[in-house]
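Chains D and P supply the protein sequences, listed in that same order.
Start counting the first sequence at 0; every next residue gets the next number (numbering that gives the first Met the number 0).
Start counting the second sequence at 0; every next residue gets the next number (numbering that gives the first Met the number 0).
There are 2 protein chains.
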Amino acid sequence: MENDPVQAIAMRLKIEREARGWSLAELAERSGVSKAMISKIERNEASPTATVLGRLSGAFGLPLSVLLALAERAQERVALQAEQPVWTDPETGYTRRAVSPANSPLELLDVSLPSGVRVPYPASAFAFQHQQIWVLSGRLDFQEGTVMHHLTEGDCLLLGPPADCVFFNPGKEPARYVVALTRR
Amino acid sequence: MENDPVQAIAMRLKIEREARGWSLAELAERSGVSKAMISKIERNEASPTATVLGRLSGAFGLPLSVLLALAERAQERVALQAEQPVWTDPETGYTRRAVSPANSPLELLDVSLPSGVRVPYPASAFAFQHQQIWVLSGRLDFQEGTVMHHLTEGDCLLLGPPADCVFFNPGKEPARYVVALTRR
DNA sequence: AATAATCGTCTTCTATAGTGGACGAAAAAA
DNA sequence: TTTTTTCGTCCACTATAGAAGACGATTATT
Numbered sequence: 000m001e002n003d004p005v006q007a008i009a010m011r012l013k014i015e016r017e018a019r020g021w022s023l024a025e026l027a028e029r030s031g032v033s034k035a036m037i038s039k040i041e042r043n044e045a046s047p048t049a050t051v052l053g054r055l056s057g058a059f060g061l062p063l064s065v066l067l068a069l070a071e072r073a074q075e076r077v078a079l080q081a082e083q084p085v086w087t088d089p090e091t092g093y094t095r096r097a098v099s100p101a102n103s104p105l106e107l108l109d110v111s112l113p114s115g116v117r118v119p120y121p122a123s124a125f126a127f128q129h130q131q132i133w134v135l136s137g138r139l140d141f142q143e144g145t146v147m148h149h150l151t152e153g154d155c156l157l158l159g160p161p162a163d164c165v166f167f168n169p170g171k172e173p174a175r176y177v178v179a180l181t182r183r
Numbered sequence: 000m001e002n003d004p005v006q007a008i009a010m011r012l013k014i015e016r017e018a019r020g021w022s023l024a025e026l027a028e029r030s031g032v033s034k035a036m037i038s039k040i041e042r043n044e045a046s047p048t049a050t051v052l053g054r055l056s057g058a059f060g061l062p063l064s065v066l067l068a069l070a071e072r073a074q075e076r077v078a079l080q081a082e083q084p085v086w087t088d089p090e091t092g093y094t095r096r097a098v099s100p101a102n103s104p105l106e107l108l109d110v111s112l113p114s115g116v117r118v119p120y121p122a123s124a125f126a127f128q129h130q131q132i133w134v135l136s137g138r139l140d141f142q143e144g145t146v147m148h149h150l151t152e153g154d155c156l157l158l159g160p161p162a163d164c165v166f167f168n169p170g171k172e173p174a175r176y177v178v179a180l181t182r183r
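Next up, the structure:
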């Protein structure tokens with residue numbers, strides 16, 4: 000167990016950036032890391048320091064350990080539940096589980112939204128990716144730009160062009176839903 | 000979310016090294032990283048690159064993402080099950096869950112050993128730490144040096160001085176046991 | 001087509017990560 | 001005690017991470 004994580008990190012960073020439709024310049028501005036260095040890291044020509052990795056994962060809104068866990072799963076074919084990276088928003092209790100092995104063009108997320116919790120999502124996080132939301136249990140009010148969708152168990156919504164979105168659970172029980180998305 | 004992970008990494012690396020009773024020189028030899036650099040990292044005077052972090056986590060036998068996850072939990076008081084770092088040996092299916100919030104002097108591990116699986120542990124990994132093994136379910140044959148212990152549900156074993164050990168599950172069901180250990 | 005943004009890469013330079021070896025302190029051995 | 005070993009830190013030096021800006025290529029505007 001002495002493999003260099005640099006290549007896996009490189010691939011994962013590029014995926015996360017492109018999934019958000021961000022250019023090198025935009026990620027540089029958000030993270031405080033120069034775009035030249037981001038370019039080198041993504042092309043496996045530099046080994047980022049912990050400080051830089053912390054800034055980049057912060058820009059993506061991910062704990063560094065989750066970013067690394069996603070990177071490590073790059074070559075896996077099967078993702079056991081016990082190995083799937085989970086991250087929880089400590090303030091709201093919102094949890095998000097990455098179900099699919101990473102680097103697949105189709106990604107599945109298992110999300111649990113506690114009762115009464117509101118989670119906004121900026122349009123920039125959705126650019127250039129096609130995605131659907133499928134409610135497994137509970138209720139979900141989904142605001143897409145100026146349009147409001149009221150979803151309940153079994154409903155599935157196809158997202159339109161990028162817009163500022165808000166997830167809200169109006170019910171008394173946690174809302175559990177799947178986010179399915181494709182890259183490019 | 001822009002916190003620098005360097006300090007948390009520094010603390011965690013020192014804990015992992017001291018838990019194994021390794022000197023800077025020994026960890027340097029095992030990891031291929033100079034002891035001067037390890038000293039700097041542990042004292043928060045340098046930000047390690049991904050390459051160096053990969054070598055260090057490899058020397059500890061941990062995936063890098065798990066090492067980071069343990070580091071991030073440094074200041075937490077409560078460890079929710081969904082947030083507890085789990086790692087699985089892909090060959091044997093052996094899984095290990097870090098139950099306690101990190102940096103506590105008393106650490107609890109929830110281990111599951113599949114039927115028929117044999118896991119050796121070198122004496123060097125136990126030096127200077129006091130630990131017990133408590134079987135929750137299934138059967139566990141534990142070889143401590145030249146002595147063999149046959150444990151079943153509810154049994155608890157206090158480990159003696161450091162010795163080469165082997166965990167083996169002779170039963171047909173998975174063995175689940177707790178490893179409790181203290182530092183220093 | 002011509003102009004103007006915007007993209008990722010390349011270039012130059014500085015800060016610092018990383019190495020090998022020396023050093024003093026503390027513990028172990030005699 | 002004196003000697004020897006082992007520990008972690010400090011020093012000088014090299015390799016490279018990282019920043020700021022220039023550059024050609026591509027795409028969008030007019």
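The beta carbon of each residue, even a glycine, is placed where N, CA and C say it ideally should be.
Just so it is clear, the structure is predicted and the values come from calculations on it, not from any experiment.
Looking at Leu79(D), Thr87(D), Thr151(D), Asp163(D), the one whose alpha-carbon comes closest to that of tyrosine 120(D) is Asp163(D).
Per DSSP, the continuous beta strand (DSSP E) segment holding valine 146(P) begins and ends at 146-150.
For valine 98(D), no alpha helix (DSSP H) segment is defined, and its DSSP state is neither H nor E. Its chain contains Ser114, Gly137 as the residues whose beta carbon lies nearer than 7 angstroms to that of glutamate 172(P), once the 5 sequence neighbours on both sides are disregarded; these appear in chain order.
Chain D places a beta carbon closer than 8 angstroms to that of leucine 52(P), counting this residue as a contact.
Chain P has no Cβ within less than 8 angstroms of the Cβ of leucine 23(D). Between leucine 52(D) and alanine 70(P), the CB-CB gap reaches or exceeds 8 angstroms. For leucine 63(D), the CB contacts under 7 angstroms within the same chain, skipping 5 residues up- and downstream, are Leu52, Gly53, Ser56 in chain order. Contact with chain P is found for alanine 68(D), since one of that chain's Cβ atoms lies less than 8 angstroms from the residue's Cβ.
Boundaries for threonine 91(D): no beta strand (DSSP E) harbours it, and the DSSP string shows neither H nor E there.
In the structure shown, glutamate 28(P) adopts helical secondary structure according to DSSP, grouped into three states. DSSP places leucine 23(P) in the helix class (H, G or I) of the three-state scheme.
Cβ contact annotation for valine 77(P) (same chain, cutoff 8 angstroms, sequence separation greater than five): Pro100, in chain order. Cβ atoms of valine 134(D) and glutamate 106(D) stay farther apart than 8 angstroms, at about 18 angstroms.
With respect to chain D, the C-beta atom of alanine 49(P) has a partner C-beta closer than 8 angstroms.
With respect to chain P, the C-beta atom of isoleucine 37(D) has no partner C-beta closer than 8 angstroms. Put simply, the CB of aspartate 109(D) is far from chain P, with every gap to its CB atoms at 8 angstroms or more.
Closest option to arginine 72(D), judged by alpha-carbon separation, among Ala7(D), Val177(D), Leu157(D), Ala174(D): Ala7(D). In terms of Cα proximity to serine 30(P), the closest of Arg11(P), Ala58(P), Trp21(P) is Ala58(P). Spanning the alpha carbons of tryptophan 21(P) and leucine 158(D) requires a straight line of approximately 54 angstroms.
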